[in-house]
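Chemist: The structure that follows is given in the form of structure tokens.
Number of protein chains: 2
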Amino acid sequence: MSQSEFDIIKKYFETPDLNQENEHIELGIGDDAALISVPDGQNLAISTDVLVEGVHFPVNADAGLVAKKALAVNLSDLAAMAAKPFCFTLGLILPDASEKWLGKFSLALGKMAKEYGIALVGGDVSQGPLTIAIQVHGTNRFGESLRRDKAKVGDTIYVTGTLGAAAAGLLCVGGPSHIGDSFKLIDDHPPKNYRDFLVKAYYEPKPRINFALRCKEYINSAIDISDGLQGDLSHILRASKVGARVEIGRMPVSKEASSCLTTENLYRAALYGGDDYELCVTVSPENCAKFEQEALRSGTRITRIGEIIKGSEVQLVSVSETNFLVDHPYLHFNKNSFE
Amino acid sequence: MSQSEFDIIKKYFETPDLNQENEHIELGIGDDAALISVPDGQNLAISTDVLVEGVHFPVNADAGLVAKKALAVNLSDLAAMAAKPFCFTLGLILPDASEKWLGKFSLALGKMAKEYGIALVGGDVSQGPLTIAIQVHGTNRFGESLRRDKAKVGDTIYVTGTLGAAAAGLLCVGGPSHIGDSFKLIDDHPPKNYRDFLVKAYYEPKPRINFALRCKEYINSAIDISDGLQGDLSHILRASKVGARVEIGRMPVSKEASSCLTTENLYRAALYGGDDYELCVTVSPENCAKFEQEALRSGTRITRIGEIIKGSEVQLVSVSETNFLVDHPYLHFNKNSFE
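Keeping their order, the protein sequence lines are chains R and S. Using our numbering, the final residue of the first sequence is 866, and nothing's skipped along the way. Using our numbering, the final residue of the second sequence is 866, and nothing's skipped along the way.
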């Protein structure tokens, strides 16, 4: 390929969708660093997530889907802090400078950046195994961030959306799940509309930014569900020094995931599957009514799944079979890969 | 390996050297995002550089050297903006979770972070081909950033330190240079002290933070030399819409690089080699005396190499042979790799 790093940046990453104007961006792409100013009285929330081909998405995955997923998982971290998207940088490592790949990637990234109002301000493009390292910056007022360490005994635990569909979607795209060999689809070839739903859940999670910004005043603590409810809720418990009781049967699942997985695998997907990028939040009893009302207004489905109790662990409560409920959070070094 | 991402972060990246206290860091490692506040009246300078094994450093390179280089190249971008190091994030992709590798990496990263006063506030650890994606944040007062687009006709062009040693160091560690096959050491086995100097220049560039912070008021424009003087100075020229005349014979070179390369290759290394991470700055004539004095006080060697003129290109002036001086900036997609 004859394109240099500079040609690639100019052609694919200096687009109107990606380089949105913002009075607080003094200098964007094109110098040794970007220069931003943070509005008075506001914090900057900073988060980074790295996606590697063959580990976090299948080899030869569609470039547009990869772009969407890479930005979504980062935006999801801002949602979990109730931070308003501001700007991001992109570290892009490519095996070659394919025009087609770059065109699709840039277009999808720009579309999503525009939707969420986040501007690309800098980055690095280099040669190597396909990897996308995105770092996002969001703003929120001092003291208004949602954190993991503020859950209180008595809080109601909610999750947004449904859980487990992304884990089933991973199976649809041929990914080996870290849950184990027995985690599989009932039918390897589910109906097309079901399959499409599950694959979309895997590739195109919806960062809950709008929900978080609208409902934050009623929320005590929050985390985004990237590794499965059990593991991520455990982070809240550790940080807040509390326990939790979760009613398995209350966990919200989609009809598509329910139809394509056995009951056992459905709940394993919800608890240990990950990739959902929904939010798990805890709310004081006195705020639950207002919280539910505001969530409804934001158009976000929320479900009560349990409560914060004294202790240090997630107690899973079920009226039926619980033998599959072993602790199995996401381990990045499990050597699961698509290859 | 049985270590999870969380174990690795706790053990290797939550160390005192890396998690330095800073009143402007409200929340560091451990939540969905870090929370920082930017001091009143200050900008945040943001830059990211990604290093890939086999592309930016040799396969099986020492983990400590990789850590130093990864942070140094990012700090160098802050130096080029005259921004004071503040905090950084680390996206670390590892083929396996080797205790030995992580221990050396973490120790060297922490040592350097402490030296430059920059705190690790977040990151992501994942499995995949060895890659280090660092993003740095620095602060400076509004309007006091050094930029590429402020060079003026008549400015004197200076560079810090010496040029070309890193390109020779790359040859010492077995790297194929993008300059071409004819770029090689006079003797494949130079004297040990010379080899050590060149390899150190390659792995352990010194970000010119102190120099930049002390001398910024006298500087019109600046860039760090990552891709070779010719290519990087050209970025200043494009951004500032000016030209430059550079006297080849004035380019500062070390005795080690001079001894190990032919004259022709020595100047090719300085002009096109890259990896120097020195600064190239331009200074108005009326500020040169004060600039030189302040640089001297900061303990940084500086050398006048030419001047900014009308035009749009780098004119290389030499009394002798110039036939090797073809335009050859660093192209990341040249497919040069260590493998």
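Idealized CB from N, CA, C, for every residue including glycine.
Would Gly568(S) pass as a contact of Arg675(S) if the rule is Cβ separation under 9 Å?
Modeler: No, the pair does not count as a contact, with Cβ atoms beyond the cut-off.
Chemist: Specify whether the segment 600 to 618 of chain R and the segment 542 to 560 of chain S touch according to this definition: at least 3 beta carbon pairs, one from each stretch, less than 8 Å apart.
Modeler: Yes, they touch.
Chemist: Verify the CB distance criterion: does His855(R) have a CB-CB separation below 9 Å to chain S?
Modeler: The pLDDT assigned to His855(R) is 44, lower than 50, so where the model puts this residue is not dependable, and the model offers no usable value.
Chemist: Listed in chain order, which residues of the segment 782 to 804 of chain R have Cβ atoms closer than 7 Å to some Cβ of chain S?
Modeler: Listed in sequence order: no entries.
Chemist: Quick check on DSSP: helix, strand or coil for Pro812(R)?
Modeler: Helix, per DSSP.
Chemist: Below 9 Å between beta carbons: does that hold for Lys481(R) and Glu731(R)?
Modeler: No answer is possible for residue 481(R): the residues shown for chain R start at 528 and end at 866.
Chemist: When we look at the beta-carbon of Lys719(R) and count the other beta-carbons within 10 Å, is it buried (16 or more) or exposed?
Modeler: So Lys719(R) ends up on the exposed side.
Chemist: Report all residues from its chain with a CB closer than 8 Å to the CB of Ala599(S); omit the five preceding and five following residues, and keep chain order.
Modeler: So the list reads Met639, Glu731, Pro732, Lys733, Pro734, Tyr804, once near-sequence residues are dropped.
Chemist: If you count every other CB in all the chains shown that lies within 10 Å of the CB of Asn792(S), and 16 or more means buried, which is it?
Modeler: Buried, by the Cβ-count rule.
Chemist: Tell me, to the nearest whole angstrom, how far the beta carbon of Gln530(S) is from that of Thr575(R); I am working on the premise that it is less than 8 Å.
Modeler: Between Thr575(R) and Gln530(S) the Cβ distance is about 20 Å, and since that is not below 8 Å, they are no contact.
Chemist: Are the C-beta of Ile620(R) and some C-beta of chain S separated by less than 9 Å?
Modeler: Yes, because at least one Cβ of chain S sits closer than 9 Å to the Cβ of Ile620(R).
Chemist: Quick check on Tyr539(R) - is its C-beta less than 9 Å from some C-beta in chain S?
Modeler: It does not; no Cβ of chain S falls within 9 Å.
Chemist: Going by DSSP in three states, Thr683(R) sits in which element: helix, strand or coil?
Modeler: Thr683(R): strand per DSSP, three-state reduction.
Chemist: What residue from Thr683(R), Arg831(R), Val780(R) has the CA that sits closest to Leu725(R)'s CA?
Modeler: Nearest C-alpha to Leu725(R): Val780(R).
Chemist: Classify Gly701(R) as buried or exposed, calling it buried when 16 or more other Cβ atoms lie within 10 Å of its own Cβ.
Modeler: With fewer than 16 other Cβ atoms within 10 Å, it is exposed.
Chemist: Looking at the secondary structure, which residues open and close the beta strand (DSSP E) in which Glu553(R) lies?
Modeler: Element bounds for Glu553(R): 552 to 554.
Chemist: Going by DSSP in three states, Thr827(R) sits in which element: helix, strand or coil?
Modeler: In this structure, Thr827(R) counts as coil in the three-state DSSP scheme.
Chemist: Does Ala588(R) get closer than 9 Å to chain S when you measure Cβ to Cβ?
Modeler: Answer no: the Cβ-Cβ gap between Ala588(R) and chain S never drops below 9 Å.
Chemist: Within 9 Å of any Cβ in chain R, is that where the Cβ of Arg920(S) sits?
Modeler: With chain S covering 528 to 866 only, the question about residue 920(S) has no answer from this structure.
Chemist: Does the CB of Phe669(R) have a neighbour CB from chain S at under 9 Å?
Modeler: So yes, Phe669(R) belongs to the interface.
Chemist: Kindly list, in the order they appear in chain S, the residues whose Cβ is closer than 7 Å to that of Glu553(R).
Modeler: Result: Asn570.
Chemist: Distance check for Pro656(S) and Ser625(R), CA to CA, integer angstroms please.
Modeler: Rounded to the nearest angstrom, the two C-alpha atoms are 20 Å apart.
Chemist: So with CB distances below 9 Å, who are the chain R contacts of Arg675(S)?
Modeler: Chain R residues near Arg675(S): Gly557, Asp558, Asp559.
Chemist: So the candidates are Val680(R), Asp723(R), Lys727(R), Ala739(R); which of them puts its Cα closest to the Cα of Val686(R)?
Modeler: That would be Ala739(R), whose Cα lies nearest to the Cα of Val686(R).
Chemist: Would Lys845(R) be called buried (16 or more neighbouring beta carbons within 10 Å of its own) or exposed?
Modeler: For the record, residue 845(R) in the displayed sequence is Ser; it is not Lys. Exposed, since its Cβ has fewer than 16 Cβ neighbours within 10 Å.
Chemist: Closer than 8 Å is the cut-off here; do at least three beta carbon pairs connect the segment 635 to 651 of chain S with the segment 609 to 621 of chain S?
Modeler: Touching, yes, given that three or more Cβ pairs across the two stretches are closer than 8 Å.
Chemist: Taking DSSP as the reference, what is the three-state secondary structure of Val565(R)?
Modeler: If DSSP states are grouped into helix, strand and coil, Val565(R) belongs with coil.
Chemist: Using 9 Å as the limit for Cβ to Cβ distance, is Leu852(R) near chain S?
Modeler: Note that Leu852(R) scores a pLDDT of 47, beneath 50, so its modelled location is shaky and nothing firm can be said.
Chemist: Compare the C-beta of Cys614(R) against all C-beta atoms of chain S and say whether one is closer than 9 Å.
Modeler: Cys614(R) counts as touching chain S.
Chemist: Mind checking whether Cys807(R) and Asp759(R) have CB atoms under 9 Å apart?
Modeler: Yes. Within cutoff.
Chemist: Indicate the three-state DSSP secondary structure (helix, strand or coil) for Asp651(R) in the structure shown.
Modeler: Strand at Asp651(R).
Chemist: Distance check for Ala822(S) and His551(R), CA to CA, integer angstroms please.
Modeler: If I take the Cα positions, the gap works out to 32 Å.
Chemist: Name the DSSP bridge partner or partners of Arg668(R)?
Modeler: Looking at the DSSP assignment, Arg668(R) forms a beta bridge with Gln569(R).
Chemist: Counting only Cβ-Cβ distances shorter than 9 Å, please list the residues of the segment 688 to 721 of chain S near chain R, keeping chain order.
Modeler: Within the segment 688 to 721 of chain S, no residue qualifies.
Chemist: What residue range does the beta strand (DSSP E) around Val841(R) cover?
Modeler: Unbroken beta strand (DSSP E) run through Val841(R): 841 to 844.
Chemist: Helix, strand or coil: how does DSSP classify Leu657(S) here?
Modeler: Correct three-state label for Leu657(S): coil.
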